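The letter at position 222 of the first sequence is residue 390 when you use our numbering, and the numbering goes up by one with no holes.
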Amino acid sequence: MKRAFALCDVNNCYVSCERAFDPSLIGKPVVVLSNNDGCVVARSAEVKALGVEMGTPFFQLRELAEQHGIIALSSNYRLYAEMSNRFMSILGDFVTHEEQEVYSIDESFLDLTAYQQLYDLESYAKQIRARVQKWIELPISVGIGSTKTLSKLANHWSKKHSQFNGVCNINDMDEATLHRRMKRTEVNEVWGIGRQLSKQLAAQGIITVFDLARSNPLEMQKRYSVVMSRTIKELNGVCCIELETVTPVKKQIVSSRSFGELVTTIEPLEQAMRYYVRTAVSKLRKDGSVCAVMTVFIRTNPFRSQDPQYYKSVSFRFPVATDDLLVMSKVAVRSLKQIFKTGYKYKKAGVIFSELQPTSSVTLDLFSIADIDEKRERLIVALESVVDKFGKHAVKLGSVDSKGATWEMNCENRSPNYLSNWDELPLVY
DNA sequence: TCTGGGGTCCTAGGACCC
DNA sequence: TCTGGGGTCCTAGGACCC
């Protein structure tokens with residue numbers, strides 16, 4: 169039986185999320201901007217129609233924005249994450265857990281193979297679409313094909329051509345139509361073919377999706393890579409990329425930011441490093457991992473060609489994989505001192521945790537409340553419940569955020585008893 | 001004059017994705 | 001003047017070890 173993958177994604181995701189909460193934005197040209205309001209990371213249809221590309225620096229757009237009354241919003245990732253969860257869970261009502269892959273914040277692959285006999289897939293997809301629209305007011309598109317790569321392509325067409333009404337099923341398309349569409353679509357629309365590869369392919373005479381689909385996967389594998397040959401096979405309906413229903417364990421955690429203004433001294437970089445380590449550690453703990461290698465990097469602004477450029481990173485391997493905020497902060501600052509050079513204007517810095525391993529320890533993210541006494545109460549309650557579960561030897565106090573935004577407690581079976589008396593809890597900032 | 005080979009770790013960089 | 005952040009995979013060269 170022919171496989172049937174569906175790719176469902178939210179149109180103009182961040183803009184649509186904003187519109188769901190502020191309907192006055194509907195019908196108006198809207199963009200959502202990245203950190204520091206630097207780049208455009210989402211565009212409404214009206215803005216796309218003006219020819220604004222993804223990732224355009226906002227300052228290049230000021231004039232156009234004024235002319236057309238473009239509304240620019242700073243991004244609100246909490247909101248988008250929340251909407252994403254709801255979106256995914258609605259999709260989950262239409263398939264089993266093993267038939268859904270959450271691919272990104274706004275995209276999910278569904279394996280609809282088993283539903284072909286029960287339903288007309290196009291109307292099934294339309295039901296999904298209607299429910300998402302009704303329940304959370306997000307517009308979505310659905311592409312269906314016999315491989316993930318084809319479903320991506322179908323999804324692209326579903327958006328590009330209004331006659332599809334947001335649902336395009338390649339499996340129902342006759343071959344002549346499919347080929348005609350492939351001939352009219354540029355190769356860079358294919359999943360896995362980016363800017364650079366498109367250039368190289370063009371030099372080889374491969375311009376359209378059809379050209380690529382007709383090329384010889386073996387020869388192309390020699391010239392490019394195994395990834396390329398898989399893409400070609402997938403375009404021909406040979407399934408090489410399976411649905412991934414269990415989210416693979418992360419291999420690295422990155423925490424980095426660009427600075428609003430250029431930094432020339434080490435102090436603000438130190439501050440930033442401590443912050444990066446804190447956010448990365450809290451992700452690490454959420455994943456239940458510890459980290460064996462930490463990389464610290466700093467860089468100048470590559471767009472300022474008038475300035476001398478500097479990029480430097482350094483890695484540190486911990487003797488024992490860890491999630492200890494204090495130790496990691498110290499190492500990060502020391503690493504920074506190692507690579508910092510005066511005379512440069514720094515634009516960006518960050519930390520990368522790699523060689524992550526699962527840990528047996530339990531971490532609780534406990535507090536984000538203002539009242540200190542209440543915090544103390546809740547900390548004690550939480551500690552007692554941990555002691556009940558693991559015994560008193562299991563408790564080790566983790567780090568405490570200096571600003572008091574989050575309290576974290578690391579309860580680790582292997583660690584010695586750090587805690588002999590509840591009254592000794594370090595509750596002072 | 002003639003300058004091993006294999007393995008690992010680290011750094012750097014290039015490509016792609018969202 | 002102003003150019004995001006978080007991921008994956010792959011390759012290659014130098015340092016260092018045996």
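C-beta: ideal position from N, C-alpha, C; glycine also. Note that the structure is predicted; figures quoted are calculated from it, not measured.
Original post:
Quick one: what's got a C-beta closer than 7 Å to D455's C-beta in the same chain, skipping five residues either side?
Top reply: Taken in chain order, the residues that qualify are K418.
Original post:
Got a sec, what are the start and stop residues for the alpha helix (DSSP H) P436 sits in?
Top reply: Bounds of the alpha helix (DSSP H) holding P436 are 434-454.
**OP:** Return yes when the Cβ of I466 is within less than 8 Å of the Cβ of A162, no when it is not.
**Re:** The chain is shown from 169 up to 597; residue 162 falls before or after that span and cannot be answered.
**OP:** Could you check if F277 is buried or exposed, using at least 16 other CB atoms within 10 Å of its CB as the buried criterion?
**Re:** F277 is buried by the Cβ-count criterion.
**OP:** Measure the Cβ-Cβ separation of Y514 and P476 and say whether it is below 8 Å.
**Re:** No.
Original post:
Distance, Cα to Cα, L306 vs V395?
Top reply: Using only the alpha carbons, I get a separation of about 33 Å.
Subject >> Beta-ladder partner(s) of E267, from DSSP >> reply: According to the DSSP secondary-structure assignment, E267 is paired through a beta bridge with no residue.
Original post:
Is it true that the CB of Y444 sits closer than 8 Å to the CB of V519?
Top reply: A contact, by the Cβ cut-off of 8 Å.
Original post:
Quick one: what does DSSP say F277 is sitting in, helix, strand or coil?
Top reply: DSSP places F277 in the strand class (E or B) of the three-state scheme.
Original post:
Are the Cβ atoms of T315 and G360 separated by less than 8 Å?
Top reply: Cβ distance not < 8 Å, so T315 and G360 don't count as in contact.
**OP:** Determine the contact status of L318 and I338, defining contact as a CB-CB distance below 8 Å.
**Re:** Taking 8 Å as the Cβ cut-off, L318 and I338 qualify as a contacting pair.
Original post:
Is the CB-CB distance between F227 and V208 below 8 Å?
Top reply: No; because the gap between Cβ atoms is not below 8 Å, this pair is not in contact.
Original post:
Whose C-alpha, out of V300, S243, S481, V178, is nearest the C-alpha of R502?
Top reply: For the residues V300, S243, S481, V178, the minimum Cα distance to R502 belongs to S481.
Subject >> Given L247 as reference, the closest of V200, T264, N204, D491 once Cα atoms are compared >> reply: The option with the nearest alpha carbon to L247 is V200.
Original post:
For V198, which residues from the same chain have a beta carbon less than 6 Å from its beta carbon, with the 5 sequence-adjacent residues on both sides left out?
Top reply: Answer for V198: V183, S212, I239, listed in chain order.
Subject >> Given 8 Å, three or more beta-carbon pairs between the region 230-238 and the region 174-183 >> reply: No, they do not touch.
Subject >> Buried versus exposed, by CB contacts within 10 Å (16 or more), W325 >> reply: Classified as buried, W325 has 16 or more neighbouring CB atoms from the shown chains inside 10 Å of its CB.
Original post:
Could you check where the beta strand (DSSP E) with Q420 kicks off and where it finishes?
Top reply: Residues 420-431.
Subject >> Cβ neighbours of S366 in the same chain (closer than 8 Å, five flanking residues each side left out) >> reply: So the qualifying residues of the chain are E354, V355, N356.
Original post:
Residue range of the alpha helix (DSSP H) that A370 falls in?
Top reply: Where A370 is concerned, the enclosing alpha helix (DSSP H) stretches over 363-371.
**OP:** My understanding is that I273 touches A298, with C-beta atoms under 8 Å, so please give their C-beta distance in whole angstroms.
**Re:** A Cβ-Cβ distance of about 22 Å is found for the pair I273 and A298, leaving them out of contact under the 8 Å criterion.
Original post:
Does the beta-carbon distance from S423 to L524 come in below 8 Å?
Top reply: No; because the gap between Cβ atoms is not below 8 Å, this pair is not in contact.
Original post:
Should Y245 go down as buried or exposed, given a rule of 16 or more other Cβ atoms within 10 Å for buried?
Top reply: Y245 is classed as exposed because its beta carbon has fewer than 16 other beta carbons within 10 Å across all chains shown.
Original post:
For R453, does the count of other Cβ atoms within 10 angstroms reach 16, so buried, or fall short, so exposed?
Top reply: When all chains shown are included, R453 counts as buried.
Subject >> Under the three-state DSSP convention, the category M496 falls into >> reply: It is helical.
**OP:** Quick one: give me the first and last residue of the beta strand (DSSP E) that N337 is part of.
**Re:** Run containing N337: 335-337, per the beta strand (DSSP E) assignment.
Original post:
Over what stretch of residues does the alpha helix (DSSP H) that includes F189 continue unbroken?
Top reply: Per DSSP, F189 belongs to the alpha helix (DSSP H) from 181-189.
Subject >> Where L286 falls, given that 16 or more other Cβ within 10 Å makes a residue buried >> reply: Around the beta-carbon of L286, fewer than 16 other beta-carbon atoms lie within 10 Å, marking it exposed.
**OP:** Give the DSSP bridge partners of L201, in chain order.
**Re:** Paired residues: V208, S242.
Subject >> Close-in-space but distant-in-sequence residues of the same chain around G260 (CB under 7 Å, 5 per side omitted) >> reply: Beyond the five residues adjoining it in sequence on each side, G260 comes within less than 7 Å, by CB distance, of Q268 in the same chain, given in chain order.
**OP:** State buried or exposed for R363, treating a residue as buried only when at least 16 other CB atoms are found within 10 Å of its CB.
**Re:** The residue in question, R363, is exposed, as its Cβ has fewer than 16 Cβ neighbours within 10 Å.
Original post:
Which stretch, first to last residue, makes up the alpha helix (DSSP H) that contains S326?
Top reply: Annotation: the continuous alpha helix (DSSP H) that includes S326 extends over 316-328.
Subject >> Whole-Å CB distance - A174 paired with L321, under 8 Å assumed >> reply: With 8 Å as the limit, A174 and L321 do not qualify as a contact, their Cβ atoms being about 13 Å apart.
**OP:** Measure the CB-CB distance between K327 and S309 and report whether it falls below 8 Å.
**Re:** In contact: K327 and S309 (Cβ atoms closer than 8 Å).
**OP:** Examine the ligand GTP and report whether any of its heavy atoms sits within less than 7 Å of the Cβ of G334.
**Re:** Absent from the structure shown: the ligand GTP. Ligands present: none.
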